[in-house]
Amino acid sequence: MSFLHPLALAGLAAAAIPALLHLLERRVPPELPFPAVRYLADAERRSARRLRLRHLLLLVLRTALIVAIVLAAARPLVPSRGTTGTLHPPTALVVILDNSPSSGVVVDGRPLLDRLKLAAHAALARAAAGDRLWLVLADGVARAGSRDALVAAVDSAHPDSRRLAVVAATARAARLVEAEPVPGREVHLVSDLQRTALEGTADAPRDVRVLALAPADAAPPNRGIGMLQPTDGGLAVAVVGTPGTPPGPLTVRLRGRPVARAIGAPGTTVTVSLSAPGPGWWAGDVELEADELRADDARPFVWRVAPPARVATGADAGPFLTAAIGVLRDAGRLAAGSDVSFGERPGPGASVLFPPADPALLGQANRALAARGVTARFAAPGTAGPIAAPGLPGLAGVSVARRYRFSGVDSAAVLATVNGEPWLVRVGNVVLFGSRLDTAWTALPAAPGFVPFVDALANRIVRGEADVHEAEGAARVEFVVAGADTTGATVFRVDPRESDLTPARAAMARRALGAELARDADFAAAAFAGPRLAEVSGLLLVAALLLAAAELGVATLTR
Amino acid sequence: MTVAVPTSQRFDLLDPAEVSRLGGIEIVAEGVVEGFLTGLHRSPFRGFSVEFTEHRPYQPGDEPRYLDWKILARADRLFVKQFEQETNLRAMLLVDASRSMAWHGAEGRLTKRAYADRLAAALALILLRQRDATGLVTFDEAVRQAIPARVKVGQWGRLVRGLLDTPDGRGTAAEAALRRLTSLLVRRGLVILISDLLFDRDLALTALRYLRHRGHQVIVYHVMDPAELDLGGPPEVRFRDLESPASVVVRPRELARAYGETVRREIAAWRATCRRHGIAYHHVTTDLPFGLALRLLT
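The listed protein sequences derive, respectively, from chains A and B.
For the first sequence, the working numbering assigns the number -6 to the initial residue and increments by one for each residue that follows.
For the second sequence, the working numbering assigns the number 15 to the initial residue and increments by one for each residue that follows.
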């Protein structure tokens, strides 16, 4: 048995009232003279058994009456045979409504999200007062609330620009409901169940039931813009979408002006020739012909056009760095000059510095830094360890055998760390390494990313420019500016995986989610599949009335 | 002292409490007897204490029980028998003066003792008026007053004073009084016991049976207050016995029915036992008009 209002059970303490009254009422009664006490004593002796039985019966009836009323107030639920029960046990339920960009596709003239909202609505509509409810949308946030509040949230949901990690969200939801002290625990996943969304397994606890809307049988055709990569003299456009979708025309615009057209099909990369514009940050977009999913039909891009940095290397640069710069010069990414100097001493312009091989020269290097106005100093040797560099993916994990610590460095100047201590810092237009770019100090010169890193170092990092980042969100571009200079940009776009609308197979969905699948028509009925319950508060009230009548009868008829 | 009683009202039929408020015990008794005899037109004791003298023709209104059935059978004529009063009838009134008699259940109602005194005074007056020697014994745990039966002038006054001079006693021991009575009643006579009978029934009946065995006519008035028939009171109360340390805590509403059954059973037991031994038993309550109590003897 479970209860819709278990807190009301605290009222069961009131069941002790009749017994307490019986005990507390044992006051000294008034005394009256009476001549026929012998008759009284005789009558009492003859009635003692009956009176004891009467008192016991009244005590039981009154206690049972209070218990029945309190239980009725707690609204108990008892298992009901067959389908006559209209209620389910108190259940912790998380409804995951996948309103990711793919939910905006129009199928048979109707947005897919409307179908998903109907299913979520139906599941929530069957929730009872004793259930604990949450709603998870594409943002991944679990919103707790009443049934009405969550239904309103479902009704107001729109296709989001963020992709929902369905499997991870299901796993989190399962853990959430598992912690609830209620008999029922369910996760209802209302999603288009894209094949690409089912990565990994949710591994839901055994006592958590996962019910998912069955994936569609057919995949709607769709094309979308995947990756955009400006190259020398062109733009590589990766077209993504549902496999088998025929090619469609695409238009490239630069600062709003169409500059090229092409045709692309999902799974292909189209390279569009573009004449290089003047130096600077150029924003553009590529747009496909409209199809059933509009969210991925257009995608912005940013093109940084700048002349190659002119670099100079000293004799102390070492063979690895000298070779990398040579390669980049040959490729036209760098030129000879004095814009950026690499060595142990800072040059007149931007400088990339590393510590001297001889520790005795460390003081001399620090004095040169001081003369340049750089606050950072080489300090004591540090311990070996791997490089951590969130903004420089090519460096992450590369081991460092020897290094110097830094002093006088602000945290904002740190570009990479080893063992949590600064290893690569930028102060003004001076970049300082904690190690020499030599394999005796670090494995970086031997790493595959070394040459691209030197390219980024000379052309961008030492100038204080950030890379062009990509982020998930509504299609747009946000530039990073420092003073009057643009130093970086973030391109917001939908996840390319959203473009492939191919639904997962049922078996795959069951395996990844550990879920039962239900079609739209059966989804509401399949929800709350625990034993059917019937509320018996009405019966208890009837019982309370009968008990009250019995108490009245016993109290009056047995006098 | 004169009693201002409307001629349309008879003392014997009024509420005993109201009658008692009109005067002392003598006045009440006289008023009751006058009214009683006016309504009765004959002595209630005629018939058991007189001897036959002659016949006379039957007249409408005569008691059918005095018809001479032998003459009717032989001559087919109606004659009634007439009796001559004896002067040697000796009647003794036994009045219970125990503490339990000094109780009334409601304000304004006579105590059982007051009712018994007035009833005894009325009975004595009737007996003395028909020239029967009448005496009195009052008792509680012991005999308190013992006035031998006489028929001389002033006897009624002595009996009334005997009643008035007997204080409320403590316990009750009717057996002792009845045994004492046997020594006062040498010749066959009439014994009238007025009591609430709250004593050991077997012992009292032993004494009453002895009286019957000696040839005495025995009449028992069982006096009860109406509140002793129907139990009432606060929701819970400790009832304390008047003649002993006994007490009992009861809820009157719970015990009323069982108590009523017990009282009725007790009355029935007294009635049945008395009938079995030839003793006249009359149950009266203190709200019963004296005239109706006296009429029980006819």
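C-beta: ideal position from N, C-alpha, C; glycine also.
- Listed as beta-bridge partners of residue 236/B by DSSP are 209/B and 297/B.
- For residue 272/B, the chain A residues whose C-beta falls within less than 7 Å of its own C-beta are 36, 39 and 40, listed in chain order.
- Cβ neighbours of residue 415/A within its own chain (closer than 6 Å, five residues either side excluded): 399, 402 and 407.
- Just measuring C-alpha positions, the residue of 497/A, 296/A, 278/A and 340/A sitting nearest residue 307/A is 340/A.
- Excluding residues up to 5 positions away in sequence, 105, 106, 109, 152 and 185 lie with their Cβ nearer than 7 Å to the Cβ of residue 96/A in the same chain.
- For residue 15/A, the uninterrupted alpha helix (DSSP H) segment begins and ends at 10 to 17.
- For residue 121/B and residue 27/A, the gap between their C-alpha atoms comes out near 14 Å.
- Closest by C-alpha distance to residue 219/A, out of 48/A, 237/A, 55/A and 294/A, is 294/A.
- For residue 11/A, no CB of chain B lies under 7 Å from its own CB, so it is not counted at the interface with that chain.
- The beta carbon of residue 501/A is closer than 8 Å to those of 188 and 191 in its chain, skipping five residues each way along the sequence.
- Within chain B, the residues placing a beta-carbon under 9 Å from that of residue 25/A are 247, 248, 251, 252, 253 and 254, ordered along the chain.
- Within chain A, no C-beta atom comes nearer than 8 Å to that of residue 155/B; the closest sits roughly 15 Å away.
- If you compare the alpha carbons of 149/B, 94/B and 131/B with that of residue 181/B, the shortest gap goes to 131/B.
- Of 170/A, 25/A and 255/A, the smallest CA-CA separation from residue 229/A is found for 255/A.
- Under the DSSP assignment, residue 83/B falls outside any beta strand (DSSP E), being part of the alpha helix (DSSP H) whose first and last residues are 83 to 89.
- Under a 10 Å Cβ-count criterion, residue 83/B is classified as exposed, with fewer than 16 other Cβ atoms of the shown protein chains found around its own Cβ.
- The beta carbon of residue 547/A sits no closer than 7 Å to any beta carbon of chain B.
- Membership of residue 501/A in the alpha helix (DSSP H) is indicated by the continuous run 499 to 506.
- For the 7 Å CB-CB criterion, residue 195/A and residue 507/A form a contact.
- For residue 191/A, there is no enclosing beta strand (DSSP E), since its DSSP letter is neither H nor E.
- Under a criterion of Cβ atoms nearer than 9 Å, no residue of chain B is adjacent to residue 58/A; the nearest Cβ is some 20 Å distant.
- Here residue 163/A really is in contact with residue 180/A; their C-beta atoms are around 6 Å apart, less than 8 Å.
- Secondary structure at residue 323/A: helix, using DSSP grouped into helix, strand and coil.
- DSSP lists 242/A as the bridge partner or partners of residue 256/A.
- At a cut-off of 7 Å between C-beta atoms, residue 30/A counts as an interface residue with respect to chain B.
- Contact between the stretch 47 to 67 of chain A and the stretch 226 to 242 of chain B is absent, with fewer than three C-beta pairs closer than 8 Å.
- Interface annotation for the stretch 107 to 119 of chain B against chain A: 114 and 117, criterion Cβ-Cβ distance under 7 Å.
- Residue 277/B reaches chain A at 29, 32 and 36, counting residues in chain order whose Cβ is nearer than 9 Å.
- For residue 262/B, the nearest beta carbon of chain A is closer than 7 Å to its own beta carbon.
- Residue 281/A is bridged by DSSP to 243/A.
- In the displayed model, residue 462/A falls within a strand according to three-state DSSP.
- For residue 275/A, the pairing in a beta bridge is given by DSSP as 296/A.
- Residue 125/B places its beta carbon 7 Å or farther from that of residue 219/B.
- Taking 7 Å as the cut-off, the beta carbon of residue 173/A is found closer than this to the beta carbon of residue 125/A.
- Between the alpha carbons of residue 305/A and residue 397/A lies a gap of roughly 24 Å.
- Per DSSP, reduced to three states, the secondary structure at residue 153/B is strand.
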